[in-house]
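A.B. asks: Per our numbering, the very first residue in the sequence shown carries number 6; after that it's consecutive.
Note that CB positions come from ideal geometry on N, CA and C, so glycine has one too.
Before I ask anything, here is the structure I am working with.
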Amino acid sequence: KEAGVDGCLVVQPINHKFDHSYVTKAMKDYPDKFKGMLLYDPSPSISPEQAVSKLEELTLQGYCGVRFNPYLFEPKDENDETEKRLVMSRSEAAMAVYKRCADLHAPVGVMCFKGLDLHFDDIVAMLEASPKTNMILDHFAFTSLATDQGNENFKSLLSLAKYPQVYVKISAFFRVDPDGAKAAAEDGFSTSNSYNKLKSERLDALLDAFGAKRLMFGTDFPFILDQPGGYKGSVDLVRSWLSDEDYASVMSGTIESLFGQWGSSEKEEL
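Take a look at the structure:
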């Protein structure tokens, strides 16, 4: 409320694993404020039919997107490096869910926590297997400014702009630009002085490659609360970086085009 944010998408927290009851209750209690993104369960014992059935069950409860966390997947062969790099696209159940998401207009968010390079081939395989499924890459796709690999990964991220179904979440500034976070902590947070490198070497290039209508704001809540500027500061910072038109897209237009308008309780027909 202090930041002027009317509603948000809540991604199922990893610490709750596949028990969605907490987020489900939050959506039920505050239907005009919260929409939910479920966490896909890649347990090998779950068949493609069961996985799709669970997706449809949670969709009817109000979830409008799916998080794929590749680190929860088990490769079919631990000694096969190819299998380890393609854990999502070579899972029959995961791909059944991914393709069904296209029918449900439910975007799939991918968390590349340890680096885009580890999952790039997997992501491309999914994109090409189901072009109608929208994919969101969280937290600038973890293309860190602090490492050479992060900069190489950013080039790979820009190459994904050729796929019109790819969107990028502008979030977790402190993860992508740790030096910027350190400077903000030491010198004080300021919309005119903080995370300048993140803007010039990440955001500006993403705007050129993807356009504002394929970028969306995020916070990495609750971790943002411990960062200089906090939640409101991150909103104010993005506001200072963008034109009115681009700000409207990044803060609401893009996300509502993917997940529907906030305040709407309509469910996708199964």
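Just checking my contact of A134 with S94 at CB under 8 Å: how many whole Å lie between their CB atoms?
C.D. replies: Yes, A134 and S94 are in contact; Cβ-Cβ is about 7 Å, under 8 Å.
A.B. asks: Hey, would you say the C-beta of L230 is under 8 Å away from at least one heavy atom of the ligand FAD?
C.D. replies: The ligand FAD is absent from the structure shown, which contains no ligand whatsoever.
A.B. asks: If you measure from the beta carbon of G238 to each beta carbon in chain D, is any gap under 9 Å?
C.D. replies: Any reference to chain D falls outside this structure, which holds one protein chain only.
A.B. asks: May I have the straight-line CA-CA distance separating Q154 from D34, to the nearest angstrom?
C.D. replies: When rounded, the distance between both Cα atoms is 43 Å.
A.B. asks: Would you call the segment 38 to 49 and the segment 65 to 81 in contact, with 3 or more CB pairs under 8 Å?
C.D. replies: Touching, per the Cβ criterion.
A.B. asks: Only counting the same chain, and skipping five residues up and downstream in sequence, which positions put a Cβ closer than 6 Å to that of C13?
C.D. replies: So the list is empty, once near-sequence residues are dropped.
A.B. asks: If we call anything under 9 Å between Cβ atoms a contact, is I175 one with V243?
C.D. replies: For I175 and V243, yes; Cβs fall inside 9 Å.
A.B. asks: Can you tell me the Cβ-Cβ gap for M221 and T196, rounded? I've got them flagged as a contact below 8 Å.
C.D. replies: Contact flag wrong, Cβ pair sits at about 20 Å.
A.B. asks: Could you check the C-alpha separation between E273 and S96 for me, to the nearest Å?
C.D. replies: Residue confidence is low: E273 scores 47 on pLDDT, short of 50, so the model does not pin down where it sits. Its coordinate-derived value is still stated next. So the alpha carbons of these two residues sit roughly 25 Å apart.
A.B. asks: Short of 6 Å in beta carbon distance, which residues of its chain neighbour K22, apart from the five on each side in sequence? Order them along the chain.
C.D. replies: None.
A.B. asks: If you follow the beta strand (DSSP E) that M140 is part of, which residue opens it and which one closes it?
C.D. replies: Taken as a continuous stretch (DSSP letters only), the beta strand (DSSP E) holding M140 covers 140 to 142.
A.B. asks: Rounded to whole angstroms, how far is the Cβ of L162 from the Cβ of L142, which I believe are closer than 8 Å?
C.D. replies: About 7 Å; that satisfies the 8 Å criterion.
A.B. asks: Enumerated in chain order, which unbroken segments of the beta strand (DSSP E) with a length of 3 residues or greater are wholly contained in the segment 180 to 257?
C.D. replies: Listed in chain order, the complete beta strand (DSSP E) runs (minimum 3 residues) inside the segment 180 to 257 are 220 to 222.
A.B. asks: For P136, does the count of other Cβ atoms within 10 angstroms reach 16, so buried, or fall short, so exposed?
C.D. replies: Answer is exposed; the Cβ neighbour count stays below 16.
A.B. asks: Is M116 helix, strand or coil when you go by DSSP?
C.D. replies: Three-state DSSP puts M116 in coil, outside helix and strand.
A.B. asks: Does the distance from the CB of R219 to the CB of D182 come in under 9 Å?
C.D. replies: Not a contact, by the Cβ cut-off of 9 Å.
A.B. asks: Which residues mark the beginning and the end of the alpha helix (DSSP H) in which G33 is found?
C.D. replies: Residue identity check: residue 33 is Lys in the sequence provided, not Gly. Start and end: 26 to 34.
A.B. asks: Which first and last residues belong to the beta strand (DSSP E) in which S40 is found?
C.D. replies: First, the amino acid is wrong: residue 40 is Lys here, not Ser. Taken as a continuous stretch (DSSP letters only), the beta strand (DSSP E) holding K40 covers 39 to 44.
A.B. asks: Among the residues of its own chain, which have a CB less than 8 Å from the CB of F264, if the five just before and after it don't count?
C.D. replies: Contacts found: L14, K40, C69, G70, P112.
A.B. asks: For F159, does the three-state DSSP call read helix, strand or coil?
C.D. replies: Residue state, collapsed to three classes: helix.
A.B. asks: For H144 versus R180, is the C-beta spacing smaller than 9 Å?
C.D. replies: Their beta carbons are under 9 Å apart, which means H144 touches R180 by this criterion.
A.B. asks: For K204, count the other beta carbons within 10 Å of its own beta carbon; 16 or more makes it buried, fewer makes it exposed. Which is it?
C.D. replies: Under this definition K204 is a buried residue.
A.B. asks: Using a Cβ-Cβ cut-off of 6 Å (strictly less than) and excluding sequence neighbours within five positions of M256, which residues of its own chain qualify?
C.D. replies: Only F222 meet the Cβ criterion.
A.B. asks: Thinking C-beta only, is P75 closer than 9 Å to C117?
C.D. replies: For C117 and P75, yes; Cβs fall inside 9 Å.
A.B. asks: Taking 9 Å as the cut-off, decide whether the C-beta atoms of V102 and V57 are in contact.
C.D. replies: The answer is yes: Cβ separation under 9 Å.
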